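In this note's numbering, the protein residues as written are 97 to 492. Presented below is the structure to which this report refers.
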């Protein structure tokens, strides 16, 4: 949409939106149905996992359409709807997750399975709130959008099939990259228990508790911080796409540099602040002075920096139409994660999955940073100097 708008083809961009919305609704229905039907297979014989996977089917119904509508607003350089809906989605998801987990584990039947099911279903609740807000924004801005369409250049003649192919070419890489963090967690889900059993004498209940500490408790809290990076990342894409279409090389370098420095200003103090207040924060949310959980939260808070940096760099590359490169470098980092998972769990037990994720994200982020600098000559020294200064002040 940003590319067509930069060319004055507002009508083509609107057609892209309408046909793309239809395609995303269809994709959501198919994805939801597939997840529901394949849940017994994905559970790998564990009957407890079937309702967990089926609770994940509902978010798939809305997320494709939600992502497309956010992209539509970004194409018009309207950052507020996307950023606010992202924030509202995360707040609604986390509040529902925490309230239901507390109700089940403290006031209810203390069922870990029920708590996990509601924690994953929280993504659907968040998507409902985020999508509802975007629909309100769209209805409010419809007259202005119609006025722009009336001024469209209309010099391009593109068929519906070409529009849908264009949507697919742009959407599929974004879906893959947006799923990266979840893919990392899936690796942990399928490898943590078997590897821990191979190295240590632990019961199934202990393993479930350990897994919940880093994949559940710590993850819920650090994703609040990571969502800040995500909100910044999604605002980058249309600005970069527009600058790339205009051939503004210097503007690209400046925008990329400013984005990275803004990320460091927000993310480093937030993550280190969470490390500093990990104990009271953990006790506040979970009513438990669990030192293992507190230490995992501290390490996960540092991981949040790498998760956020990966998100921002991936958005930059995709905004510059380097989708294939972004996916390749993501896969390299994922391969590193898989390779080092075994030794990390062997040497660091419960901390191993968090450390292997940190290493994989670091590798991908460094590769993306190198590629971005090679292509667009960003101000690396200035960014490093300011990043070190932010780190020093944050530590003080």
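For each residue, glycine too, the CB sits at the ideal point set by N, CA and C. As the structure is a computational prediction, the values presented were derived from the model and not from experiment.
Judging by CA-CA distance, which residue of 241, 442, 164 and 151 is the nearest neighbour of residue 216?
Out of 241, 442, 164 and 151, 151 has the C-alpha closest to the C-alpha of residue 216.
For residue 460, which residues from the same chain have a beta carbon less than 6 Å from its beta carbon, with the 5 sequence-adjacent residues on both sides left out?
406, 425, 426 and 429.
Under a three-way DSSP split, which group does residue 110 fall into?
Reduced to three states, the DSSP call for residue 110 is helix.
Please report how far the alpha carbon of residue 190 lies from the alpha carbon of residue 229, in whole angstroms.
Using only the alpha carbons, I get a separation of about 17 Å.
Secondary structure at residue 383, three-state DSSP: helix, strand or coil?
Three-state result, residue 383: coil.
In the structure shown, what three-state DSSP assignment does residue 484 receive?
Helix.
Does the Cβ of residue 420 have 16 or more other Cβ atoms within 10 Å, making it buried, or fewer, making it exposed?
It is exposed - the Cβ of residue 420 has fewer than 16 other Cβ atoms within 10 Å.
Under 8 Å, do residue 401 and residue 352 count as touching if we go by C-beta distance?
Not in contact: residue 401 and residue 352 (Cβ atoms no closer than 8 Å).
Please state if the CB of residue 153 and the CB of residue 145 are separated by a distance shorter than 8 Å.
Contact: no.
Taking 8 Å as the cut-off, decide whether the C-beta atoms of residue 249 and residue 103 are in contact.
Contact flag set, yes.
Any chance you could list the alpha helix (DSSP H) runs of at least 4 consecutive residues sitting entirely within the segment 395-466, in chain order?
Correct list: 419-444.
Step through the CB atoms of chain B and report whether any lies within less than 8 Å of the CB of residue 404.
Going by chain labels, chain B is absent from the structure shown, which holds only one protein chain.
On the DSSP letters alone, give me the boundaries of the alpha helix (DSSP H) that residue 299 sits inside.
Premise fails: residue 299 is in no alpha helix (DSSP H) and is neither H nor E.
Which residue marks the beginning of the alpha helix (DSSP H) containing residue 475, and which one marks its end?
No alpha helix (DSSP H) contains residue 475, which DSSP labels as neither H nor E.
How would you label residue 301, buried or exposed, when you count the other beta carbons within 10 angstroms and need 16 or more for buried?
So residue 301 ends up on the exposed side.
So, with DSSP's three-state summary, where would you put residue 185?
If DSSP states are grouped into helix, strand and coil, residue 185 belongs with the helices.
For a test of the three-state rule: what should DSSP assign to residue 274, helix, strand or coil?
Residue 274: helix per DSSP, three-state reduction.
What separation, rounded to the nearest whole angstrom, lies between the Cα atoms of residue 388 and residue 281?
In a straight line, the C-alpha of residue 388 is about 19 Å away from that of residue 281.
Roughly how many whole angstroms lie between the Cα atoms of residue 168 and residue 385?
Residue 168 and residue 385: Cα-Cα distance of roughly 45 Å.
Note down the Cα distance separating residue 283 from residue 470, rounded to an integer number of angstroms.
So the alpha carbons of these two residues sit roughly 31 Å apart.
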